[in-house]
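Here the structure comes first, spelled out in structure tokens, and everything after it is commentary.
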Amino acid sequence: MRFLVNCLLAGLGCALVCGCASDGSSVARPGTRYESKTGDYSVRVPHMPSPYVRQSEVQSKDASTLSFVDDEGGLVRIEAWRIDPTLLEKFNGADQPRALDDFYDRVTLATQFRAVSPEARPLYREHVQTQCGPALFVATYVPHGSTLALGGGAAPFDCVRSVLLFVRQNEVFCVMNQSWPKGGVPMPLRKEDLEGTLGNLRATAAAISFHKDPQVREQPKAAIAMGSAPWHSAVLKSGTTYTSPTGLYTLLVARSENDRVYLRERSHETDSSAGFVDDQGHFLLVETKHIPGLAEWKSQQVEELEDTTYEQLIFETDYAATSTEARTVARSRVTTAAGSALFVAVFVPNGDSVPIAEGVEMRSDALRAYLIFPRGNELFVVGNREVTQTKGRTMAYRCKLLQDELTSAVGAMRFQASVAKSE
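Taking our numbering, the leading residue of the sequence shown gets 1486, the next gets one more, and so forth.
Okay, structure coming up:
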């Protein structure tokens, strides 16, 4: 741990303690994606109380800090600390909770918050689950630690700085925000305020896209386990009820010409993926991903998660990576039986292959569509595809047909109350 402390003091010094660097800052546009200069990750620029958001980033050999601040006390900060190779086992093994506690005490509290105010003290501490894995959540009272002051040389206001610490590959990430930037911190902190702050931090962490370091073997997590889970296949009868392997939802199997629908599914713990297809090529995809604390997120944070899910996990991974001509042709917020959802459609020239003879395939354009929405602490992705191009029809009309089919499919789903369980 001494390596990390020395890295903080020698490498970044007061730039990390004071939040946003005094030079090198630039105006940021909320909702756009910012690529860290370290190349380790990118993140969506957060929405803040003021539309005028500034960003700055400082880094050394083994640490970096990215800050977003506004003029009304909004603050989001992301720190990344390279872990000494001799400590990797401690941070990635059974001692991880203790290692994160030690990191907060020795680095975050001792060399950052108390460098600003010797009276800084933790008010609440809890080990929680996040989309990034196990994490430590701490709310810290920092007298005169706010980014705001009355001016005229007056001392900054008191505030609460809250952090979410978690391990990613060979780095410790610290996601930070600021509450009560104009003072008036309630003592003790209210439960609803802590839940809201934790929800904000979880949403920020979920908006980070991490770039894989090929030289580091990442600890197996839910996403990796899900990707290696075995597939299960079955033939279903039209009109019967399908229950997901996680028990999160049921749906009525759609009608087909021969009453046969082919199922391919897999699951890991609370995550699942199921595809349904008939002999005419009609297709429905239903995927679920567990997001701890999602039920408490604000609507704007949920919308940003939906956008990120489409951009990173669907478009970039499934389409842009294989076709430079893939493009989004429809994108809107719609209302479904499950509530508000993000609707998107992707057009891929020559993206489908159709067998016309044994060993012979013909390429055709592909049009795929998705609805992305939350239910409790689960994020659902429901998708379909165009079976036959509607000749003479506009792209908007074709996308609307797919949207109506997806909306109807969601309406036929029944969600179980267990998806809203507390963490």
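We put the CB at the ideal spot given by N, CA and C, even for glycine. Just so it is clear, the structure is predicted and the values come from calculations on it, not from any experiment.
Cβ-Cβ distance between residue i and residue j below 8 Å
{"i": "valine 1561", "j": "threonine 1689", "result": "yes"}
{"i": "valine 1867", "j": "leucine 1770", "result": "yes"}
{"i": "leucine 1649", "j": "leucine 1686", "result": "yes"}
{"i": "aspartate 1556", "j": "tyrosine 1537", "result": "yes"}
{"i": "threonine 1728", "j": "phenylalanine 1865", "result": "no"}
{"i": "proline 1534", "j": "glycine 1559", "result": "yes"}
{"i": "valine 1645", "j": "tyrosine 1626", "result": "yes"}
{"i": "glycine 1630", "j": "valine 1601", "result": "yes"}
{"i": "proline 1788", "j": "aspartate 1764", "result": "For the record, residue 1788 in the displayed sequence is glutamate; it is not proline. The answer is no: Cβ separation not under 8 Å."}
{"i": "phenylalanine 1734", "j": "arginine 1899", "result": "Note on identity: in this sequence residue 1734 is tyrosine, with phenylalanine being the wrong assignment. Yes; because the gap between Cβ atoms is below 8 Å, this pair is in contact."}
{"i": "arginine 1870", "j": "leucine 1852", "result": "yes"}
{"i": "isoleucine 1563", "j": "leucine 1551", "result": "yes"}
{"i": "valine 1584", "j": "phenylalanine 1576", "result": "A small correction: the amino acid at residue 1584 is alanine; valine does not occupy that position in the sequence shown. Contact flag set, yes."}
{"i": "serine 1510", "j": "serine 1541", "result": "yes"}
{"i": "asparagine 1460", "j": "proline 1777", "result": "Since the displayed the chain opens at 1486 and closes at 1908, residue 1460 lies outside it and no answer follows."}
{"i": "tryptophan 1716", "j": "arginine 1751", "result": "yes"}
{"i": "threonine 1892", "j": "tyrosine 1882", "result": "no"}
{"i": "alanine 1595", "j": "phenylalanine 1553", "result": "no"}
{"i": "glutamine 1797", "j": "histidine 1532", "result": "no"}
{"i": "alanine 1854", "j": "glutamine 1901", "result": "no"}
{"i": "glutamate 1781", "j": "glutamate 1680", "result": "yes"}
{"i": "leucine 1827", "j": "tyrosine 1795", "result": "yes"}
Strand pairing of residue i, partner residues [DSSP]
{"i": "tyrosine 1609", "result": "Ala1624"}
{"i": "methionine 1661", "result": "Arg1562 and Val1648"}
{"i": "proline 1715", "result": "Paired residue(s): none; proline 1715 is not in a bridge."}
{"i": "glycine 1618", "result": "Thr1615"}
{"i": "valine 1915", "result": "Examination of residue 1915 is not possible in this model, given that the chain is present from 1486 through 1908 alone."}
{"i": "phenylalanine 1642", "result": "Phenylalanine 1642 is not bridged to any residue."}
{"i": "leucine 1827", "result": "Arg1818 and Ile1857"}
Inter-residue CB distance, residue i and residue j (contact presumed, cutoff 8 Å)
{"i": "glycine 1896", "j": "phenylalanine 1858", "result": "With a Cβ gap of about 12 Å, glycine 1896 and phenylalanine 1858 do not count as contacting."}
{"i": "arginine 1749", "j": "serine 1723", "result": "About 17 Å; that fails the 8 Å criterion."}
{"i": "threonine 1731", "j": "threonine 1755", "result": "6 Å"}
{"i": "proline 1628", "j": "alanine 1605", "result": "7 Å"}
Which listed residue (the options) has its alpha carbon closest to that of residue i
{"i": "phenylalanine 1642", "options": "Val1829, Glu1788 and Thr1632", "result": "Thr1632"}
{"i": "leucine 1790", "options": "Asp1525, Lys1522, Ser1510 and Arg1529", "result": "Arg1529"}
{"i": "valine 1829", "options": "Ser1549, Ala1815 and Asp1678", "result": "Ala1815"}
{"i": "glutamine 1664", "options": "Val1657, Asn1869 and Gly1684", "result": "The sequence given here places serine at residue 1664; glutamine does not occur at that position. Closest option to serine 1664, Cα to Cα, is Gly1684."}
{"i": "arginine 1812", "options": "Leu1798, Val1819, Pro1834 and Ala1822", "result": "Pro1834"}
{"i": "alanine 1691", "options": "Arg1860, Gly1638, His1775 and Ser1511", "result": "His1775"}
{"i": "glutamate 1520", "options": "Phe1695, Leu1572, Ala1851 and Thr1596", "result": "Phe1695"}
{"i": "aspartate 1850", "options": "Lys1575, Asp1889 and Asp1837", "result": "Asp1837"}
{"i": "glycine 1578", "options": "Phe1761, Asp1590 and Val1652", "result": "Val1652"}
{"i": "valine 1819", "options": "Lys1783, Leu1856 and Tyr1795", "result": "Leu1856"}
{"i": "alanine 1634", "options": "Asp1889, Ile1568, Pro1666 and Glu1611", "result": "Pro1666"}
{"i": "valine 1762", "options": "Ser1784, Val1738, Glu1781 and Trp1782", "result": "Val1738"}
{"i": "aspartate 1547", "options": "Tyr1882, Pro1531 and Lys1522", "result": "Lys1522"}
{"i": "alanine 1624", "options": "Ser1647, Pro1603 and Ala1640", "result": "Ser1647"}
{"i": "leucine 1721", "options": "Pro1671, Ala1780, Ile1693 and Gly1760", "result": "Gly1760"}
{"i": "aspartate 1586", "options": "Arg1599, Arg1610 and Glu1796", "result": "Arg1610"}
{"i": "arginine 1567", "options": "Ala1826, Cys1659, Phe1598 and Pro1603", "result": "Cys1659"}
{"i": "histidine 1767", "options": "Lys1885, Thr1873, Gly1618 and Val1592", "result": "Thr1873"}
{"i": "leucine 1779", "options": "Gln1616, Gln1597 and Thr1726", "result": "Gln1616"}
{"i": "serine 1757", "options": "Ala1714, Ala1826 and Arg1740", "result": "Ala1714"}
{"i": "arginine 1740", "options": "Ala1894, Leu1827, Arg1539 and Tyr1804", "result": "Ala1894"}
request  = Report the residue ranges of all alpha helix (DSSP H) runs contained in full by the stretch 1830-1901; include only those spanning at least 4 residues, in chain order.
outcome  = 1880-1896
key: Those runs of the alpha helix (DSSP H) which lie wholly inside the stretch 1550-1606 and span at least 4 residues   = 1573-1577 and 1581-1588
key: Runs of beta strand (DSSP E) wholly within the stretch 1713-1756 (minimum 3 residues, chain order)   = 1717-1722, 1726-1728, 1734-1737 and 1745-1753
inquiry  = Which complete beta strand (DSSP E) runs does the stretch 1743-1824 hold, if anything under 3 residues is left out?
reply    = 1745-1753, 1756-1762, 1768-1775 and 1812-1821
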